[in-house]
Every structure is written in structure tokens, then in C-alpha cells.
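A short write-up of the structure that comes next.
Numbering (UniProt numbering), first residue to last: 1 to 654.
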């Protein structure tokens, strides 16, 4: 795994600034009492790595006064990845990160909006050797990014450290689901899970392509049956052979007719037999062209019908969801999630009593109007597709009418030619000429029919080949997924045992009332076999989980954890000094053991005054204090120039 390290943090604004010393490998500690900027320090690092920090937003209810009121302010990080330096710069209030190195400078967006295929997270994860794979959860899917992995790298000052994972930047039942959390752990720790999740996403894409190809073929067959009634089922190769035979017959008949007409007899006034014959040939060519256009329009109708089918399916699913919502109404913002009874909830209060924003509280409860609005949008799309299909059908009908008119014109010309020949006192064998014309007309008609049939069969065979290719691809990826799943499961089970052994050793050596610790199938800690433990154990329970991840990255090269931890003020939940110091000592031991093995790592750690082992004093790089020793220092104001009526002397003239 690549090694990520923070070397310097800089904040610069019009009114405030901060610049850290250079951070080395190993432990780097920032001390300070509450309210001096320790969490701000950690959040500035997280912000510049692509994270979202609510306090840095001007519209936040708990905004950071100095940062949100400052002007022209930005955060800058000097980082190294496997020793190579990069400078990251992000302006406060923006969603872009500038990356500068010796080769080039680029600006990457943070959010993956429409048309943004490559974002800052993709760049950073790529440098760390982690592929940003897509994860599916029910009908939803999302691509893991750097902030997802930071949930096991950034040990924030959580009000409830029993949660292990850092909270998501934006509340979502998808990205905070157990499926996503397990994927984060498996990719950071497992050897094969990155490949497994990549192939799993490819398998879902292949399944979608296979289903779409099958549906397209079935729709085309249904549509083609309305326009084509072949006398026998022939594939494109044999149809093409038949067409070649008929065209050869047509060529011979034309030559025969020309031979008969080499010595044309005197024609009656107003009769121009060669001109009529050329006109007849032109109309027959037009009929062949219209037949090809007819096949193209047929294919367009098929495509629109397929699109309509998909939209109708979406509308049906939304209707069912709306019906279930109206009929069941199992949950609402005023329902207890445990007993399902109604609760008299005070506005702006959760059912548990915590303060909440009313708009955020009802975030996941949609009313019928919202479902109806979504449904109307889908139905409007169906109407639009219907209009488009109707337009194509109108064009098809117009084309057929034109084709029929031209065919009638060709018949009229044929009759004129036949009449002129009958009236001509000719030595030509009229019976042979008429037979040749009749045969030629029949051959041309059959050629037109087979050309249309050839277009349809060719399209059908193309769709069938696409379906066959999609099936083979799906099957091949399926075998690959099965192989990777087996390898990944075997690897993660071994890693889980290793993790549990390390974690148990740390917990037992740290807490006197802990006799065992491990992680379950969902990679969450189990202390003392799952028995109740004091709340104060929550801090070492979480902190040592992160320390275990760090140790595994130093002892196993297949672990992708980036050998970096950002830990912000872990002394919460009433932990006593002895247990806190013992937990930090375990972390120091991990770092020292890594150094002995020639493996560097970095831990940036913030804590209260003296809330650390005395032996870690050499690792303290700064101590914050009140009122003048806070993290962000006001810049000295530039004095205004004094007002004077005297002219300003710029110097002697020469």
C-alpha cells in the first residue's frame, strides 16, 4: 500500500492565518484546551483532502466565525505519497482542489456531477493504489471516494465513539449502510476485494446489457412480424445469394430486351418508347430506395417502443411505491421506530429528544404529492416517446403512400409501353418482348421484397449477435466474480483472524477489565464476548480499532490502508487518564515497531493539555492556549495613511 503523509498545513485569509511546522514521520501531537482550535486543525486537513466540513459553510447553524467571515481564504496541504511531494490547495466555500507537483498543475472537482467522470478523489485514490469501485445497495449505487475511506482514517471527535466509523459528511441511508461500511473495511484490509468489487460492478453492467439486448431483439421480432411475411426462413447469407441470382436474371433480361429493341420500328407521333423505358427504370429504382427507408423507419419504431416499455416499467414501479406509501404508512416523523406507536413530538425535536432541523427530520419521509410529481414526470416522458413514435409511424405511412403512388406510376408507364408496342407495325416479336417485360417486372418486384427482407434479417441477426456477445460476457464475468469472491472470502477471513488477535492483544494490555476482544462478520468490535461494558471503554474500543488498522498496514504489504491516521481529541465519554494514556501508549508501540521493521507511518494527534503519556512530550509540535494562543491568529492590520494637505515628497528630481 502507498504511504500518505501530511508535511505542512497552511491556512491563509485576509484576516487570519496559520502555518504549521513541518510534520515528520511517526507521532505529531497538537495540545490545547477546548476552544483553541484543535478540531479546526484536524478539519482543515480533512477539508483539503476533499471532505465536507459543516462549520466552514456560511449557512451553517454552527459555523466557524473566523473562517466563514474571513475573505479570500484557502487551505493548503503539502503531502507526500511514497515520498513524492504534492501541494493541495482548496479555497473555502468551493468544491475544487488544485493539485501542484513538479510535472504539472491541475484542478479537480470534488463532486461527481453530470459530465464529471474524473474527480479529485479518483486522482488521490489512484495515487494510493485504490480503485474507486461502485457499490450497489438495493436500487441505489454509489462510487466509493476518499471521504468514504477517511471514515476509518480520520478518528474525529465523535460525540459517541462507540460507532467506530466517522460519520458521513452528508446523511444518507445508502452511503452509511452496512454494505458500504463493510466494503470500506474489505478494500482497505483485504487483498482481493478491490478486484472483486470492480468485477461485481462489471457484472451488474453486463447483466443490464444482456437484459437490454434481449429486450431489443424481442421487440424487433414483434415489430418485424407486422411488416414481413417471408415465404421461408432464410438467414442473411442465403438471402444475399438469392438477391445475387435475381440481379443476374435481371441483367440477362435487360440484355435480351435491348437485343429485341435494337432495330426499333417507326413510332407513331407522340410515342417515345426509349424515354418511357428510362422513366420506368427510374421509378423502379425509387421503389427500391423507399423500401430501404421503410426498413430504417421500422428499426426506429422498434427503438422507441423499447424506450417506452422501460419508462412504463419505471412508472409502474413508482405507482406501486406510492400505493404502498398510502396504504401502509408504517413510518412517519411522529412514529416511534421501536414500538411503532404515534408520538406527540415537539417541533424541531426528534422522538428521542435531540434537536433536529424540521426539514432534515422529514428527509426520508415522502408524501403522496412528491411521489405523484415523480410519477407525472415519468408519465410525461412516456407521452413524449409516444409522440415521437407516432411521428415516425406517420412518416412511415407517408413513405408507404409515396411508394404506392410510384408503383402506380410504374404500372401506368408499363401500360403505355405495352399499348405503344401493340400499336406499332413492328417486325419485333411482340410476344417475346411482352414476356421479357413481364418477367423483368416480376424479378424487380421480388428484388425489392428481398432487399427489404434482407434489411430486416440483417438487423435481427445483428441484435442476436449482440445478445450472444452480452451473454458470453456476462457468463465470463460471472465466473471471474465467483473466483474472486472465493479468494476474497478466504483472504478476509484470515485478515479478520489477524485483526482480532492484534485488537484483542491491545485491548487486554490496555484495559484491566477486558479479557477478550474481536470483530464480528460485519467487522465491528465485540468486547468480552458481547457483554455489557462501561461507557468509558468506548474510547479505547474505537481508538485501538484504528491502531489495529495501522499495525496491519505496517506488517502486511497486501493491506491498502495508507499508513496514516488523523486523530482528533479522543478523550470523550468520560475516559479516565490511565486508560487514555494506556491507549495512546499502544499507538506509540505500533509506530515504534513499524520503525524497527523499516516501515514508516504517520499519526497526527490532537489532545487536551497533558492528556497524553509524559513520554510523548518530544512529539508535541505546538501547544495552543487562550486567549492569544489559538490556532488561527489575527493578521496585523495595515495602518491607514494619515490625511494631510501637504504634497507628498517622492524624492529629489534629477
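The beta-carbon is built from N, C-alpha and C at its ideal position, and this holds for glycine as well.
Note that this is a predicted model, so its numbers are computed, not measured.
- In this structure, residue 586 lies away from residue 29, with their beta-carbon atoms at least 9 Å apart.
- In the DSSP assignment, residue 84 falls outside any alpha helix (DSSP H) and lies within the beta strand (DSSP E) extending over 84-91.
- Burial of residue 284 is indicated by the presence of at least 16 other C-beta atoms within 10 angstroms of its C-beta.
- Scanning its chain for C-beta atoms nearer than 6 Å, with the 5 sequence neighbours on each side dropped, one finds around residue 164 the residues 542 and 545, in chain order.
- At the C-beta level, residue 561 and residue 602 stay beyond 9 Å of one another.
- By the C-beta criterion, the region 42-59 is judged to be in contact with the region 142-149, since at least 3 inter-stretch pairs fall below 8 Å.
- Bounds of any beta strand (DSSP E) do not take in residue 181; it lies within the alpha helix (DSSP H) bounded by 178-189.
- For residue 3, the three-state secondary structure derived from DSSP is coil.
- When DSSP reads this structure, residue 27 sits in a beta bridge with 603.
- For the pair of segments examined, the region 289-297 was found not to touch the region 196-207: the number of CB pairs separated by less than 8 Å stays below three.
- Out of 295, 457, 415 and 392, the CA that lies nearest to the CA of residue 437 is found in 415.
- Collapsing the DSSP output to three states places residue 164 in coil.
- Put simply, the backbone Cα of residue 129 is about 50 Å away from that of residue 343.
- At the C-beta level, residue 309 and residue 215 come within 9 Å of one another.
- Residue 401 and residue 313 have their alpha carbons spaced roughly 35 Å apart.
- The residue from 508, 40, 80 and 211 with its alpha-carbon nearest to that of residue 157 is 40.
- A direct Cα-to-Cα measurement between residue 1 and residue 600 gives close to 12 Å.
- DSSP, reduced to helix, strand and coil, places residue 218 within a helical segment of the structure shown.
- Two segments are said to touch when three or more pairs of C-beta atoms, one from each, lie closer than 8 Å; by this definition the region 506-518 does not touch the region 242-259.
- Taking C-beta atoms under 8 Å as the contact rule, residue 95 and residue 79 fail to qualify, at a distance of about 19 Å.
- Burial is judged here by how many other beta carbons sit within 10 angstroms of a residue's own beta carbon; residue 605 has at least 16 and is buried.
- Contact between residue 519 and residue 499 holds, since their C-beta atoms are separated by about 6 Å, short of 8 Å.
- DSSP places residue 519 within a strand segment (E or B) once states are collapsed to three.
- By the beta-carbon neighbour count (other beta carbons within 10 angstroms, threshold 16), residue 91 is exposed.
- Residue 579 and residue 208 have their C-alpha atoms spaced approximately 53 Å apart.
- Under DSSP, residue 17 forms a beta bridge with 12 and 633.
- In this structure residue 88 is buried. Its beta-carbon is surrounded by 16 or more other beta-carbon atoms within 10 angstroms.
- When the alpha-carbon of residue 610 is set against those of 594, 576 and 597, the nearest one is in 576.
- Straight-line spacing of the CA atoms in residue 306 and residue 447 works out to 30 Å.
- With a 10 Å radius around the Cβ and a threshold of 16 neighbouring Cβ atoms, residue 97 comes out buried.
- The Cβ atoms of residue 633 and residue 154 do not sit closer than 9 Å to each other.
- Under DSSP, residue 625 shares a beta bridge with 629.
- Judged by beta-carbon spacing, residue 626 lies within the 9 Å limit of residue 35, meaning their Cβ atoms are closer than that value.
- DSSP, read as helix, strand or coil, puts residue 240 in helix.
- Bridge pairing for residue 108: 97 [DSSP].
- Taking a C-beta distance under 9 Å as the contact criterion, residue 439 and residue 281 do not qualify as a contact pair.
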